[in-house]
Ligand SMILES: C[S@@+](CC[C@H](N)C(=O)[O-])C[C@H]1O[C@@H](n2cnc3c(N)ncnc32)[C@H](O)[C@@H]1O
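Numbering (my numbering), first residue to last: 2 to 293.
See below:
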């Protein structure tokens with residue numbers, strides 16, 4: 002096989018579409034099966050969720066059949082609008098599936114080496130964050146999480162660690178936990194998805210985090226912060242502009258991601274009352290840093 006053939010190798014993905022009202026049930030089903038990383042694909046219909054999920058090459062048909070059977074057994078109906086295996090020519094899906102289950106380096110600087118262990122089985126290793134892999138977004142493999150993590154580390158290392166941090170849309174609480182590892186003493190992590198908060202709480206417990214409070218409603222948080230991170234979608238970041246600004250202290254930093262390259266202009270316009278400091282990019286995703 003020559004090099005081009007290797008590069009063109011295709012990998013199986015499970016593509017599913019389901020109604021938003023079935024989200025909890027789908028989560029439960031996926032947790033019962035051997036699937037890898039789960040990525041939500043933007044949908045034009047707000048009532049439908051599209052996901053693509055990495056699965057192991059030799060079990061693709063079994064997983065599909067198992068999901069359909071579990072759906073019928075547990076809910077007496079197929080709750081998928083569509084569920085199919087597609088083979089895509091994406092060079093690294095097989096590697097991604099493996100990464101999902103292996104320890105990987107999350108942050109590497111002269112001062113910090115921080116690893117993620119997605120198997121969620123804690124050991125005494127102080128340089129590792131144990132993240133229970135699940136549908137709750139934030140296992141550390143997504144480019145936007147990595148971009149925010151890098152900007153957070155860079156800011157913390159170039160100045161004194163910020164005295165506080167607000168993590169909006171915390172998912173698994175991965176960024177808050179990184180914040181605590183970097184020495185930030187007071188952290189509030191917010192997510193409006195109860196399932197994400199449950200997963201976040203579990204991760205805080207297994208990582209023995211002491212400085213992070215979880216919250217479900219940004220609007221109930223009255224404090225102001227010297228550093229805010231928000232890795233959410235464009236529409237939400239636009240909607241939350243006033244709420245975020247009200248919670249920034251003078252001279253505070255704001256790190257925004259969850260943004261595609263084409264979203265950059267709208268965010269720069271929306272947040273033009275702040276000073277734009279820096280942009281970083283990975284694949285089609287960008288991360289923008291502002292200062293008040
Ligand atoms: C892309 S994930 C980011 C997770 C994690 N912070 C990371 O960087 O990997 C976005 C998270 O934002 C949450 N979210 C969406 N809208 C929100 C809102 N208005 N308030 C709080 N959380 C929100 C979602 O539930 C989801 O867990």
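Ideal placement from N, C-alpha and C gives every residue a C-beta, glycine not left out.
Take residue i as the anchor and find which of the options has the nearest alpha-carbon.
i: residue 286; options: 293, 274, 265 and 279; result: 265
i: residue 62; options: 14, 206, 27 and 47; result: 14
i: residue 18; options: 46, 37, 36 and 29; result: 46
i: residue 1; options: 161, 206, 156 and 163; result: The displayed coordinates of the chain run from 2 to 293. Any statement about residue 1 would go beyond what the structure contains.
i: residue 1; options: 190, 109, 20 and 123; result: Absent from the model: residue 1. The displayed extent of the chain is 2 to 293, so no value can be given.
i: residue 294; options: 104, 112 and 110; result: A query on residue 294 cannot be resolved here, the shown segment of the chain reaching from 2 to 293 and no further.
i: residue 85; options: 78, 293, 76 and 64; result: 64
i: residue 1; options: 153, 279, 170 and 26; result: Only positions 2 to 293 of the chain appear in the structure, and residue 1 is not among them; the question remains open.
i: residue 278; options: 155, 244 and 169; result: 155
i: residue 113; options: 74, 194, 213 and 184; result: 184
i: residue 182; options: 195, 198, 157 and 171; result: 157
i: residue 56; options: 142, 74, 37 and 293; result: 37
i: residue 234; options: 276, 245 and 170; result: 170
Taking the straight line between their C-alpha atoms, what separation do you get for residue i and residue j?
i: residue 34; j: residue 249; result: 42 angstroms
i: residue 41; j: residue 24; result: 12 angstroms
i: residue 118; j: residue 12; result: 24 angstroms
i: residue 129; j: residue 178; result: 10 angstroms
i: residue 269; j: residue 43; result: 21 angstroms
i: residue 82; j: residue 236; result: 25 angstroms
i: residue 192; j: residue 140; result: 15 angstroms
i: residue 209; j: residue 173; result: 14 angstroms
i: residue 80; j: residue 54; result: 17 angstroms
i: residue 282; j: residue 225; result: 28 angstroms
i: residue 273; j: residue 242; result: 11 angstroms
i: residue 189; j: residue 251; result: 18 angstroms
i: residue 2; j: residue 257; result: For residue 2, the predicted structure reports a pLDDT of 37, less than 50, and the residue's modelled location is therefore unreliable. A value from the coordinates is still provided. Near 43 angstroms, if we compare the C-alpha coordinates of residue 257 and residue 2.
i: residue 145; j: residue 89; result: 22 angstroms
i: residue 115; j: residue 48; result: 38 angstroms
i: residue 60; j: residue 255; result: 43 angstroms
i: residue 291; j: residue 261; result: 17 angstroms
i: residue 162; j: residue 110; result: 15 angstroms
i: residue 289; j: residue 166; result: 17 angstroms
Would the beta-carbon of residue i be found less than 8 angstroms away from any heavy atom of ligand 1?
i: residue 296; result: The requested residue 296 is not part of the displayed model; the chain covers only 2 to 293.
i: residue 55; result: no
i: residue 258; result: yes
i: residue 197; result: yes
i: residue 180; result: no
i: residue 194; result: yes
i: residue 234; result: yes
i: residue 171; result: yes
i: residue 241; result: yes
i: residue 118; result: no
i: residue 143; result: yes
i: residue 168; result: yes
i: residue 287; result: no
i: residue 87; result: no
Return yes when the C-beta of residue i is under 8 angstroms from any heavy atom of ligand 3, and no when it is not.
i: residue 154; result: Looking at this structure, you won't find ligand 3 anywhere; what it does contain is ligand 1.
* **Start-end ranges of the alpha helix (DSSP H) lying completely within the segment 100 to 160, minimum 4 residues** => 144 to 159
* To do: Only counting runs of 3 or more residues, tell me where the beta strand (DSSP E) segments fall wholly within the segment 159 to 223, in order along the chain.
  => 165 to 169, 187 to 191 and 213 to 216
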